[in-house]
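Residue numbers (UniProt numbering): 1 to 388.
Heads up, the beta-carbon is just placed ideally off N, CA and C, and yes, glycines get one too.
Notes to accompany the following structure.
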């Protein structure tokens, strides 16, 4: 991934006070070294300040994930970072990251966009989001997906919706989820839309034709995602879950097509799409951690163009020699390619026999009847295939 550093000058949107600093973009280690050079410090001290001032304290699971990505410790994962340093004090004032796969096609997950306390109003969040999104797309990530939310009382008070910042860059709402006290949005972007958004934002008075072109591209992306995940056109292969799959899993589990299944993946405790970044990382991380005996033997179906189009989750039942099994794909794929579900379950069974000899597969209690029948048929079919 190409790394870069450039000076930035921003004005506070109310006080008009000038901010001067530098924007560092690239892989984690390169960004840490660039920020260290700009501030006259060590890369380790820069990383310590990231933890102290820029990471929301969401627990060791999430903090550990960010740190490992900064240090490049997940060999199968590729992370892009944007980090802003302030010129006078040398402080770190904003950062953002995108996690994606280093070797497989699939979406990137935009995570942890944050400006340090006391540095709001300069547009730093927009700056790092735009920079890290562009870096990920330039590196070949086909889509970048994110989740953001707003408390309802803020909307009622007339405050601008949280998704507005991402919308200005070109992100389009894939799904809206309303809760009792908040509203969340899943948003997505690709390289073509990002480029059009950049042109619009660099034009003082963009034409209505240019705006309409952007809207058409956004609508085309949403349609393509919902149709292609039901009828993938690339080469398909079954594979284990890898450290770079967070973005692909996040997008797949949040597509929410019409007449979707009422449950996603029971073994991972994901029922209606991931609740938020941290919960998603906490629930999916065991699938990537390994261990002995292995806690998770999940497999995925990869499309050479889209990335992940189906997943069969298999998590070890505590204190039992058994694995709870469930699958997810969009309903259209199940209707067209039902045999693929059987192949996924067969792949899980083979992993269990190889890596956890003597353990058994136990179907999850799936709330959706159609899905439950398909899972039961796949398990019985996989068993017949093994014994034939």
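Rounded to the nearest whole angstrom, the C-alpha separation of residue 250 and residue 12 is 34 Å.
Contact between the region 230-240 and the region 65-77 is absent: fewer than 3 CB-CB pairs across the two stretches fall below 8 Å. Boundaries around residue 361 are those of the beta strand (DSSP E), 360-363, since no alpha helix (DSSP H) includes it. Beta-bridge analysis with DSSP links residue 316 to 323. The beta-carbon distance between residue 110 and residue 133, rounded to whole angstroms, is 7 Å. This is short enough to meet the 8 Å contact definition.
In this structure, residue 128 and residue 98 do not form a Cβ contact; the two beta carbons are roughly 11 Å apart against a cut-off of 8 Å.
Minimum Cα-Cα distance from residue 199 among the listed residues 170, 187, 262 and 147 corresponds to 170. For residue 317 and residue 33, the gap between their C-alpha atoms comes out near 43 Å. Taken through DSSP and simplified to helix, strand or coil, residue 221 comes out as helix. In this structure, residue 76 places its C-beta atom within 7 Å of the C-beta atom of residue 242. Per DSSP, residue 1 lies in no beta strand (DSSP E) and is assigned neither H nor E. When secondary structure is reduced to three states using DSSP, residue 71 falls in the coil class, being assigned neither helix nor strand.
For residue 99, the enclosing beta strand (DSSP E) begins and ends at 92-101. By the criterion of a C-beta distance shorter than 6 Å, residue 141 is surrounded in its chain by 100 and 108, once the five residues flanking it on both sides are discounted. As DSSP reads the structure, residue 8 sits in a beta bridge with 21.
For residue 85, the enclosing beta strand (DSSP E) begins and ends at 77-86. When secondary structure is reduced to three states using DSSP, residue 114 falls in the strand class. According to the DSSP assignment, residue 176 belongs to the beta strand (DSSP E) that extends over 172-178. When DSSP states are grouped into helix, strand and coil, residue 119 belongs to the coil group.
Straight through space, the alpha carbons of residue 92 and residue 298 are spaced by roughly 38 Å.
Under DSSP, residue 185 forms a beta bridge with 148 and 176. Beta-carbon to beta-carbon, residue 246 and residue 264 are separated by about 15 Å, too far to satisfy the 8 Å threshold.
The beta carbons of residue 228 and residue 306 sit closer together than 7 Å. In the structure shown, residue 32 adopts helical secondary structure according to DSSP, grouped into three states. CA-to-CA, the gap between residue 201 and residue 372 works out to about 48 Å. Here the alpha carbon of residue 18 sits roughly 7 Å from the alpha carbon of residue 9. Distance check between residue 310 and each of 163, 43, 23 and 337 places 337 closest, using alpha-carbon atoms only.
Spatial neighbours of residue 176 in its own chain (CB-CB distance under 7 Å, excluding positions within 5 residues in sequence) are listed in chain order as 183 and 185. Annotation for residue 240: the continuous beta strand (DSSP E) segment containing it runs 236-240. One Cα belongs to residue 343, the other to residue 7, and the distance between them is close to 52 Å.
Per DSSP, the unbroken alpha helix (DSSP H) holding residue 46 starts and ends at 43-49.
Secondary structure of residue 139 (DSSP, three-state): coil. Segment contact: the region 359-379 against the region 322-340, three or more CB-CB distances shorter than 8 Å; contact assigned.
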